[in-house]
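S.K.: What follows is a structure written as structure tokens; I'll ask about it next.
Number of protein chains: 2
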Amino acid sequence: MNKINVKKKQVLQRKGNLNSKAYIVESGLLRSYTIDKNGKEHIFMFGPEGWIVTDYASGDEPCDLYIDALEDSVVIQIEKNDEIEIDHKKILKRIRVLQKRIITLMSASAIDRYEHFISTYPTIVQRVPQYMIASYLGITPEALSSAKSQRLKSRK
Amino acid sequence: MNKINVKKKQVLQRKGNLNSKAYIVESGLLRSYTIDKNGKEHIFMFGPEGWIVTDYASGDEPCDLYIDALEDSVVIQIEKNDEIEIDHKKILKRIRVLQKRIITLMSASAIDRYEHFISTYPTIVQRVPQYMIASYLGITPEALSSAKSQRLKSRK
DNA sequence: CCATTTTCTTAATCTACATTAATGTGTAGG
DNA sequence: CCTACACATTAATGTAGATTAAGAAAATGG
């Protein structure tokens, strides 16, 4: 168990790394993301205080995700094998979140996904730039911006 | 532990059910899916022999997914609490599959998702109708059909 | 503070995929 | 062996969201 101070923008893990770790966020905010073949970033998750951020690659496989800090943070770095002993219920809850995310990506429009996001993660909305929320939702910043202004119009 | 024979098209679980179970597929093929507000089906996963099919709602929450049989099947029904003791490594592997699915949904075109699917699940491709694969990929059967014919053209 | 960079918005145009509809093909069950 | 029904294909038209571009606003650091 290894407590680390992380500066904003510092990269903790790169796609392709072996022996990737898991990070428990004590304070601050991490994110995990990929970069596709066109160089575009896609945010997989945000990790505020209390969350665990990790790629679920097992120790010997190359991981899929980058992890970096969106704010100065304090994190506890743990080995995957230790993490395996971590609260089973939390892992099942995590799976359910992923399940809902997949369903939402397949069935909901951009605007609906945005509504869902702000009601589910109201604190994060205020801490990260819009274009990162767009990236999490799977749309462009421009599309999010126009979705938001349409939303304002439609509500009285 | 409860072994059940399931007929093709038989529904094992409906969205909203409490106390949903997990199903280990001994033979045959299950699927889990949602139906959105427009009545459209979205397949969450296919479960051939050896797979576990379940909604990850904990026992007391209403589940999100329907589960039914695409072929006559033999399944073992287990309680969620028992399932919790099941192979931890399998659950982590499952998370990684979900992680990749999310990344793919966010970053890949319909045709790329199709390519990825047939290389990852070659056996399933032959067992289910095209329109269900389209549903799994998050596109319409028409889009899949035309993606396929373009693919043929482009490969010499 | 000011200057520079980062982020957000708006608008025009473009494209992948959805929708609709018609026609074709296979196949299961009576 | 038919008759249906389930599934696939094709084509025309529509649309959500992508792309591009430019300017405004906000944040950041020196």
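The listed protein sequences derive, respectively, from chains A and B. Each residue of the first sequence is one higher than the last, beginning at 384 in this note's numbering. Each residue of the second sequence is one higher than the last, beginning at 384 in this note's numbering. By construction, the Cβ of each residue, glycine as well, lies at the ideal position given by its N, Cα and C atoms.
Is the beta carbon of residue 448 of chain A closer than 9 Å to that of residue 427 of chain A?
M.R.: Cβ atoms of residue 427 of chain A and residue 448 of chain A: closer than 9 Å.
S.K.: When you compare the CB of residue 440 of chain A with every CB in chain B, is at least one pair closer than 9 Å?
M.R.: It does: the Cβ of residue 440 of chain A has a partner Cβ on chain B nearer than 9 Å.
S.K.: Please tell me whether residue 414 of chain A has its Cβ less than 9 Å away from any Cβ of chain B.
M.R.: No, because no Cβ of chain B sits closer than 9 Å to the Cβ of residue 414 of chain A.
S.K.: Just checking: is the beta-carbon of residue 397 of chain A within a distance shorter than 9 Å of some beta-carbon in chain B?
M.R.: Cβ-Cβ to chain B under 9 Å: no for residue 397 of chain A.
S.K.: Which first and last residues belong to the alpha helix (DSSP H) in which residue 487 of chain B is found?
M.R.: Unbroken alpha helix (DSSP H) run through residue 487 of chain B: 471 to 490.
S.K.: Tell me which residues of the region 492 to 522 of chain B have at least one Cβ-Cβ distance to chain A shorter than 8 Å, keeping chain order.
M.R.: For the region 492 to 522 of chain B, which is checked against every Cβ of chain A, the residues closer than 8 Å are 521.
S.K.: Relative to chain A, which residues along the region 402 to 430 of chain B have a C-beta separation below 8 Å, given in chain order?
M.R.: Hits within the stretch, in order: 417, 419, 423, 425, 427.
S.K.: Can you check which of these residues, A:507, A:496, A:396, is closest to residue 530 of chain A by C-alpha distance?
M.R.: Comparing Cα-Cα distances from residue 530 of chain A to each of A:507, A:496, A:396, the minimum goes to A:496.
S.K.: Can you pull the chain A residues whose beta carbon is under 8 Å from the beta carbon of residue 443 of chain B, in chain order?
M.R.: Chain A residues near residue 443 of chain B: none, gap ~12 Å exceeds 8 Å.
S.K.: Return no unless some Cβ of chain B is closer than 9 Å to the Cβ of residue 456 of chain A.
M.R.: Chain B contact via Cβ: absent.
S.K.: Could you tell me which whole alpha helix (DSSP H) segments of length 4 or greater appear in the region 397 to 476 of chain B?
M.R.: Here the runs fully enclosed are 463 to 466.
S.K.: According to DSSP, simplified to helix, strand and coil, what is residue 522 of chain B?
M.R.: Coil.
S.K.: Using 9 Å as the threshold, is the C-beta distance between residue 452 of chain A and residue 391 of chain A below it?
M.R.: The answer is yes: Cβ separation under 9 Å.
S.K.: Chain B partners of residue 488 of chain A, CB-CB under 8 Å?
M.R.: Simply 485, 488, 489, 521.
S.K.: Find the residues of chain A that neighbour residue 447 of chain B, judging by a C-beta separation of less than 9 Å, and give them in chain order.
M.R.: The answer, in chain order, is 479, 482, 483, 486.
S.K.: Name the DSSP beta bridge partners of residue 387 of chain A, please?
M.R.: Partner(s): A:458.
S.K.: For residue 420 of chain B, which option in A:510, A:515, A:490, A:524 has the closest C-alpha, if you only look at C-alpha atoms?
M.R.: Among A:510, A:515, A:490, A:524, the Cα nearest to that of residue 420 of chain B belongs to A:490.
S.K.: Any beta carbon of chain A sitting closer than 9 Å to that of residue 527 of chain B?
M.R.: With 9 Å as the cut-off, residue 527 of chain B does not count as an interface residue toward chain A.
S.K.: Kindly list the residues whose CB is nearer than 7 Å to the CB of residue 445 of chain B, restricted to its own chain and excluding five residues on each side of it in sequence; keep chain order.
M.R.: Result list for residue 445 of chain B: 399, 400, 401, in chain order.
S.K.: Based on Cα-Cα distance, which residue from B:492, B:460, B:526, B:504 lies nearest to residue 480 of chain B?
M.R.: Of the listed residues, the one whose Cα sits closest to residue 480 of chain B is B:504.
S.K.: Confirm the yes/no value for this check: CB of residue 403 of chain B, any heavy atom of the ligand FMN, distance under 8 Å.
M.R.: Absence of the ligand FMN from the depicted structure is noted, as is the absence of any ligand whatsoever, leaving it without description.
S.K.: Residues of chain B with a CB under 9 Å from the CB of residue 459 of chain A: which are they?
M.R.: Per Cβ cutoff of 9 Å: no residues; residue 459 of chain A is ~19 Å from chain B at best.
S.K.: Have a look at residue 550 of chain A and residue 460 of chain B and give me their C-alpha separation to the nearest angstrom.
M.R.: The structure shown does not extend to residue 550 of chain A, since chain A is modelled only from 384 through 539, so no value can be given for it.
S.K.: In this structure, how does DSSP classify residue 511 of chain A when only helix, strand and coil are distinguished?
M.R.: If DSSP states are grouped into helix, strand and coil, residue 511 of chain A belongs with coil.
S.K.: Less than 6 Å between C-beta atoms, sequence neighbours within five positions excluded: which residues of the same chain meet that for residue 407 of chain A?
M.R.: The answer, listed in chain order, is 435, 459.
S.K.: For chain B, is any of its Cβ atoms less than 9 Å away from the one on residue 473 of chain A?
M.R.: By this cut-off, residue 473 of chain A is not an interface position.
S.K.: State yes or no: is the beta carbon of residue 476 of chain A nearer than 9 Å to at least one beta carbon in chain B?
M.R.: Yes, because at least one Cβ of chain B sits closer than 9 Å to the Cβ of residue 476 of chain A.
S.K.: Which same chain residues, not among the five before or five after residue 539 of chain A, have their C-beta less than 7 Å away from its C-beta?
M.R.: Low confidence applies to residue 539 of chain A: its pLDDT is 40, below 50, so where it sits in the model is not reliable enough to give any reading.
S.K.: From residue 483 of chain B to residue 476 of chain B, what distance separates their C-alpha atoms?
M.R.: Going from the Cα of residue 483 of chain B to the Cα of residue 476 of chain B covers about 11 Å.
S.K.: With distances taken between CB atoms, is the gap from residue 510 of chain A to residue 431 of chain A smaller than 9 Å?
M.R.: Yes, the Cβ-Cβ distance between residue 510 of chain A and residue 431 of chain A is below 9 Å.
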